[in-house]
Structure formats: structure tokens, C-alpha cells
Amino acid sequence: MTLARPDTLAALTDEAAALAHVRSIATASGSSFLWGMRLLPKPRRQAMYAIYAFCRAVDDIADDDGAADEKHRRLAVWREEIGRLYDGRPTHPITLALQHPRRCYGLPRAEFMAVIDGMEMDAREDIRAPDMETFRLYCRRVAGAVGVLSVHAFGAEEPEAQRLALAEGDALQFTNILRDLREDAERGRLYLPRELLLRHGIESRDPMTVLQDARLPAVCRDLAAMAEERFTEAQALMARCRRGPMRPARIMLAVYRRLLTRLQQQGWRDNATRVRLPKAEKLWIALRNGL
């Protein structure tokens, strides 16, 4: 029997601490994504905790009240750290926790960089009524990239899996934007595409002014229709993928589609109240879609 060398024991201790670190970030968040993560086998669940922790870390930088230059500096540090992850010498607990998933599940380096690119769009200046091309690019980076990383972690190998990840990423991100209008406006942000605003005669790009405009619900209905299209596309692609690996994606699709329906029923008449699904309803959706 060969005993482990001291440096190997230290490495195992560091990895265990890193896994505990990302798990604590994910479970403390209360995110709806946890409902799907918990159904995964342990190694894949740990991979998703690490992916989530990375996204949370860079998102927190973008949402910080600090100066843009400082945000860019901190995001650049993460670019370097992702480089170290793929060079086999990570130094941060999150990237230490990503080592095994990166090797075993083929997590694409470009998608981590795309997430950082999306956060830099937020860090550069407050996004206000972006044109449709910029809007779609932003969603591809902050949501589509996470979707692609996730389907790799789930073990989905079908050609349709990446297309599904991008369609579901859009559907979830569009829904988040419709849900978080007030919260984003209070940060000086307005993610609704300029073309949709102009279609209904809204020329202002000031977030609070737009929120008070009587024509806002019509704009939201248009974006909700775009979300419905992507939900429908994702659902069709889901049917062409193995059921087991896609259980987390199926749960999130169902949760967010229900959330979009609730937003549509409310009609965006009261954007000061954040629409949420009760925990019992999320549990019912998870049980129904996770079996």
C-alpha cells in the first residue's frame, strides 16, 4: 500500500475546501437553479455549484457600486484566473472546484470568457435601451454561455444540446428582464430593446421614465412573445435529447415558463412588486418534471 505524499494530502484538502466553498455560495443563494442541480449525480452537481459560483462572482463585480475602471480591473483578474484554470494552475477556490469538471466534462473556455464579456458590458456603463443586436449579444453572453457550460456539466451529448442551451438561455434571460424591471431601473439600467420601445412610441431611455409610461405593458408583451418563441423552441429541442441528463434544464424551463405566465397575468401594471413563485409551486414543478 502506497501512502499519499504530504503535498497530495494538501491538494486534496484544498480541493475539498474549494468544493465546500462553491456549494455554500450556491445553496445560500436560494436560486431557482438549485431545484434542478439537486437531481444531478454528485460530481455533476458539484460542477454546477462551481459554474454557479463563478457566475455569481463576476456578476457581483458588474453590479458593484464601484468605478468602471475598478470593475474592469477585477474582471480582468478573472480572465487571468480562467487562463490559469486551463493551464492547470488555478489559484482561486472557485477555479480549484472547476478543475475536475473542466477536464472531465469538457467545459469550453470560450464560454467562461463570454460570461466575463457580458459582465464587462454591464461594467462599462449602465445599459439603457440597447439596440436589438446588442441586446441579443448581451443575452448570448450572460445567459447562453451559462447554458452551454451547463449542458456540458449535465452530460448532454446530442447535437441539439447546444442549440437547446442557447434557446433556453434566451427564454430565461428575457423572463428575468421582464421580472426585474424595477430592480434594474433602480440601478440605472433598462434592458428592454430600443426597437420595441420605439415601436410603441417610447423615445426615452431613462429607466424610471419608461417604467412610468402607460405604453410600457405593450413593450413587455412584445418581449414576452419573443420569450415564448424561445421557450417553444427549447421544448422541441428537449424532446430530441436524452431525458436523464436534461432533467435540470427541463425543470428550469418549466419554472421560468410558469413565471412568465404569472407576469403576463399581472400585465406589468405594478412593476414595483416582484413576481415570485411560491416554494411549494416550485417543488411541485420540480417533482413533475424531474422524474
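Per this note's numbering, the very first residue in the sequence shown carries number 68; after that it's consecutive. We put the beta carbon where it would ideally sit given N, CA and C, even for glycine.
(request) Please state whether DSSP places L257 in a helix, a strand or coil. (result) The count along the sequence shown starts at 1 and reaches residue 257 at position 190. Reduced to three states, the DSSP call for L257 is strand.
(message) So for R195, helix, strand or coil by DSSP?
(response) Reading the sequence shown from its first residue, position 128 is the one you call residue 195. It is a strand residue.
(request) Give the straight-line distance between the Cα atoms of Y369 and Q113, rounded to the nearest whole angstrom. (result) Past the boundaries of the shown model lies residue 369; the chain is included only from 68 to 358, so the question cannot be answered.
(message) Using CA atoms only, rank isn't needed, just tell me which of N338, A212 and M188 is closest to K138.
(response) Position 71 of the sequence shown, counted from the start, is the residue given in the question as residue 138. Nearest option by C-alpha distance: M188.
(request) Out of A220, V215, R141 and D247, state which residue places its alpha-carbon closest to the alpha-carbon of L233. (result) Within the sequence shown, numbered from 1, the residue matching residue 233 stands at position 166. Among A220, V215, R141 and D247, the Cα nearest to that of L233 is on V215.
(request) Kindly indicate which three-state DSSP category M188 falls into: helix, strand or coil? (result) Position 121 of the sequence shown, counted from the first residue, corresponds to residue 188. The answer is helix: DSSP assigns M188 an H, G or I state.
(request) Determine, using beta-carbon pairs with one atom in the segment 312-325 and one in the segment 253-270, whether at least three such pairs fall under 8 Å. (result) no
(request) Measure the C-alpha to C-alpha separation of F100 and E82 and round it to an integer number of angstroms. (result) To locate residue 100, count along the sequence shown from 1; it is residue 33. To locate residue 82, count along the sequence shown from 1; it is residue 15. For F100 and E82, the distance between alpha carbons rounds to 23 Å.
(message) Taking 7 Å as the limit between beta carbons, can you name the residues of its chain near D131, skipping five residues before and five after?
(response) Indexing the sequence shown from 1 puts residue 131 at position 64. Correct list, in chain order: K138.
(message) Rounding to the nearest angstrom, what Cα-Cα distance links E235 and A301 in this structure?
(response) Looking up residue 235 in the sequence shown gives position 168. Looking up residue 301 in the sequence shown gives position 234. Looking at the two C-alpha atoms, the distance is approximately 6 Å.
(request) May I have the straight-line CA-CA distance separating A134 from G311, to the nearest angstrom? (result) Here residue 134 refers to the residue found at position 67 when the sequence shown is read from its first residue. Here residue 311 refers to the residue found at position 244 when the sequence shown is read from its first residue. Cα to Cα, the separation comes out at about 45 Å.
(message) Taking the beta carbon of D251 as the centre, do at least 16 other beta carbons fall within 10 Å, making it buried, or is it exposed?
(response) Numbered from its first residue, the sequence shown carries residue 251 at position 184. When all chains shown are included, D251 counts as buried.
(request) Report the option in D237, C308 and R261 whose CA atom is closest to the CA atom of R324. (result) Residue mapping note: residue 324 aligns to position 257 of the sequence shown, counting from 1. Ranking the options by Cα distance to R324, first place goes to D237.
(message) Which same chain residues end up closer than 7 Å to M115 when comparing Cβ atoms and leaving out the 5 residues on each side of it in sequence?
(response) The sequence position of residue 115 within the sequence shown is 48, counting from 1. Within the same chain, M115 has close Cβ partners M104, L107, S217 and A220.
(request) Give a yes or no on whether the C-beta atoms belonging to L259 and L239 are separated by under 9 Å. (result) Along the sequence shown, one-based indexing puts residue 259 at 192. Along the sequence shown, one-based indexing puts residue 239 at 172. Not a contact, by the Cβ cut-off of 9 Å.
(request) Flag this pair as yes or no: are the beta carbons of A353 and W102 separated by less than 9 Å? (result) Taking the sequence shown and counting its residues from 1, one reaches residue 353 at position 286. Taking the sequence shown and counting its residues from 1, one reaches residue 102 at position 35. The answer is yes: Cβ separation under 9 Å.
(message) Please report the distance separating the alpha-carbon of N356 from that of T276.
(response) Here residue 356 is taken as the residue at index 289 of the sequence shown, counted from 1. Here residue 276 is taken as the residue at index 209 of the sequence shown, counted from 1. Cα to Cα, N356 sits roughly 40 Å from T276.
(message) Using only the alpha-carbon positions, how far apart do F121 and A85 sit?
(response) Taking the sequence shown and counting its residues from 1, one reaches residue 121 at position 54. Taking the sequence shown and counting its residues from 1, one reaches residue 85 at position 18. F121 and A85: Cα-Cα distance of roughly 12 Å.
(request) Give a yes or no on whether the C-beta atoms belonging to A190 and G211 are separated by under 9 Å. (result) Indexing the sequence shown from 1 puts residue 190 at position 123. Indexing the sequence shown from 1 puts residue 211 at position 144. No, the Cβ-Cβ distance between A190 and G211 is not below 9 Å.
(message) Excluding the 5 residues flanking R151 on each side, which residues of the same chain have their C-beta closer than 8 Å to its C-beta?
(response) As a first step, residue 151 is located in the sequence shown; it is residue number 84 there, counting from the start. Answer for R151: P157, T158 and T162, listed in chain order.
(request) Between the Cα of A196 and those of R272, K349 and A294, spot the shortest distance and give me the residue it belongs to. (result) The count along the sequence shown starts at 1 and reaches residue 196 at position 129. Looking at the Cα atoms, R272 is the closest of the given residues.
(request) Evaluate M199 with the Cβ neighbour count: other Cβ atoms within 10 Å of its Cβ, from every protein chain shown; 16 or more gives buried, anything less gives exposed. (result) Looking up residue 199 in the sequence shown gives position 132. Looking at its Cβ environment, which holds fewer than 16 other Cβ atoms inside 10 Å, M199 is exposed.
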